[in-house]
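Participant: Positions 2 to 234 (the working numbering) are the ones given, in order, by the sequence shown.
To start, I am sharing the structure in question, which I have written as structure tokens.
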Amino acid sequence: MITFNFGGKNSFEDYGIYVSTRPSIPSPKRRISNVSIPGRNSNLRFDDNTYEDITIKVECSIKGEILLDKIDEIKGWLLGIGESELIFSFQNNKKYIAQVVNSIDFSQVFKYFSKFIIIFNCQPFKYSVDNEIITITNTKKIINPGSVYSEPILKVFGSENINLEINKEIIKLEDIKEHIIIDGIQQNCYDDNLENTNYKMSGEFPKLNIGENNITWSGNVSKMEVIPNWRWL
Numbered sequence: 002m003i004t005f006n007f008g009g010k011n012s013f014e015d016y017g018i019y020v021s022t023r024p025s026i027p028s029p030k031r032r033i034s035n036v037s038i039p040g041r042n043s044n045l046r047f048d049d050n051t052y053e054d055i056t057i058k059v060e061c062s063i064k065g066e067i068l069l070d071k072i073d074e075i076k077g078w079l080l081g082i083g084e085s086e087l088i089f090s091f092q093n094n095k096k097y098i099a100q101v102v103n104s105i106d107f108s109q110v111f112k113y114f115s116k117f118i119i120i121f122n123c124q125p126f127k128y129s130v131d132n133e134i135i136t137i138t139n140t141k142k143i144i145n146p147g148s149v150y151s152e153p154i155l156k157v158f159g160s161e162n163i164n165l166e167i168n169k170e171i172i173k174l175e176d177i178k179e180h181i182i183i184d185g186i187q188q189n190c191y192d193d194n195l196e197n198t199n200y201k202m203s204g205e206f207p208k209l210n211i212g213e214n215n216i217t218w219s220g221n222v223s224k225m226e227v228i229p230n231w232r233w234l
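Take a look at the structure:
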């Protein structure tokens with residue numbers, strides 16, 4: 002049986018939803034602009050290395066004697082959560098960041114049987130469900146198992162001025178007291194209280210390439226914690 006978890010709830014265990022067929026999972030479309038130039042063969046292509054969202058359509062059904070109550074519960078669950086984690090049972094080690102974007106229309110087939118379709122709009126990538134922190138205390142190589150670069154969150158423990166080098170890209174940190182958080186997803190720096198500390202950083206926000214990544218630093222650093230955010234197309 003195919004099931005899915007969304008917003009911490011399981012489709013069958015919590016709501017008795019049957020998934021009729023395994024949904025088709027599309028690949029994200031890469032954003033490439035084509036410009037036609039008179040007198041030039043072919044188009045000039047601009048690739049900004051980003052991807053469009055994807056849409057996943059899930060065909061579902063429910064059965065039971067008190068369908069109206071079930072329908073109200075399902076609508077409240079799917080439409081009330083907003084954007085949340087979506088995990089399918091056929092690949093339960095990966096997750097999408099998704100939101101339901103259609104109105105949920107229930108079609109009565111028999112007296113105690115109803116069918117409906119859920120359309121999830123998902124961010125382009127699948128993420129690892131297991132996103133454990135990697136702790137580094139000295140020079141280290143980190144292997145990215147994904148199919149696209151990741152945008153990690155780094156928590157650097159140290160003081161004063163620090164030069165952090167990831168794959169020859171240097172991030173300069175100044176006047177660090179105890180630690181600083183460098184968020185590659187939000188493109189932001191902050192402390193444990195979410196106070197803005199972007200003024201303490203210069204350089205590009207970190208990326209971990211597919212395969213091997215070399216991490217070194219200079220300055221007074223005791224350790225670094227990495228939330229890797231591995232992802233796949």
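Virtual Cβ for every residue (Gly too), placed ideally from N, Cα, C.
Nothing here was measured: the structure is a model prediction, and the numbers come from that model.
#1: Give me the Cβ distance between residue 151 and residue 177, rounded to the nearest whole Å; I'm assuming they're in contact under 8 Å.
#2: Could you pull the DSSP bridge partners for residue 174 from this structure?
#3: For residue 130, which beta-bridge partners are listed by DSSP?
#4: DSSP three-state label for residue 109, please.
#5: Report buried or exposed for residue 87, applying the criterion of at least 16 other Cβ atoms within 10 angstroms of its Cβ.
#6: When we look at the beta-carbon of residue 188 and count the other beta-carbons within 10 Å, is it buried (16 or more) or exposed?
#7: Give the DSSP-derived three-state secondary structure of residue 240 in the structure shown.
#8: One question on the structure: do residue 204 and residue 181 come within less than 8 Å of each other, judged by their Cβ atoms?
#9: Near residue 91, which residues of its chain fall below 8 Å by C-beta distance, leaving aside the five closest residues on each side in sequence?
#10: Taking the DSSP output, what are the residues bridged to residue 228?
#11: Hey, how far is the Cα of residue 202 from the Cα of residue 216?
#12: Between which two residues does the beta strand (DSSP E) containing residue 85 stretch?
#13: From which residue to which residue does the alpha helix (DSSP H) around residue 80 run?
#14: Exposed or buried, what is residue 168 when buried is set at 16 or more other beta-carbons lying within 10 Å of its beta-carbon?
#15: With residue 14 as the anchor, note down where its alpha helix (DSSP H) starts and where it stops.
#16: Return the Cβ separation of residue 232 and residue 149 in integer angstroms, given the expectation that the two are a contact with Cβ distance under 8 Å.
#17: Since residue 217 sits in a beta bridge, which residues does DSSP pair it with?
#18: Under the rule that 16 or more other beta-carbon atoms within 10 Å means buried, what is residue 183, buried or exposed?
#19: Going along the chain, which residues of its own chain have a beta-carbon closer than 7 Å to the beta-carbon of residue 44, five neighbours each way excluded?
#20: Can the beta-carbon of residue 117 be found less than 8 Å from the beta-carbon of residue 131?
#21: Does the distance from the CB of residue 163 to the CB of residue 174 come in under 8 Å?
#22: What residue does the beta strand (DSSP E) around residue 50 start on, and which one ends it?
Facilitator: So, to answer that:
#1: Between residue 177 and residue 151 the Cβ distance is about 24 Å, and since that is not below 8 Å, they are no contact.
#2: According to the DSSP secondary-structure assignment, residue 174 is paired through a beta bridge with 163, 202.
#3: For residue 130, no pairing in a beta bridge is given by DSSP.
#4: strand
#5: buried
#6: exposed
#7: A query on residue 240 cannot be resolved here, the shown segment of the chain reaching from 2 to 234 and no further.
#8: For residue 204 and residue 181, no; Cβs fall outside 8 Å.
#9: Hits under 8 Å: 3, 23.
#10: Within the DSSP bridge table, the entry for residue 228 names 154 as partners.
#11: 17 Å
#12: 85-89
#13: 68-81
#14: Exposed.
#15: 12-16
#16: 6 Å
#17: Looking at the DSSP output, residue 217 sits in a beta bridge with 166.
#18: With 16 or more other Cβ atoms from the protein chains shown falling within 10 Å of its own Cβ, residue 183 counts as buried.
#19: Taking residue 44 as the centre and dropping the five residues before and after it, the same chain places the C-beta of 35, 36, 37 closer than 7 Å to its C-beta, in chain order.
#20: no
#21: yes
#22: 45-52
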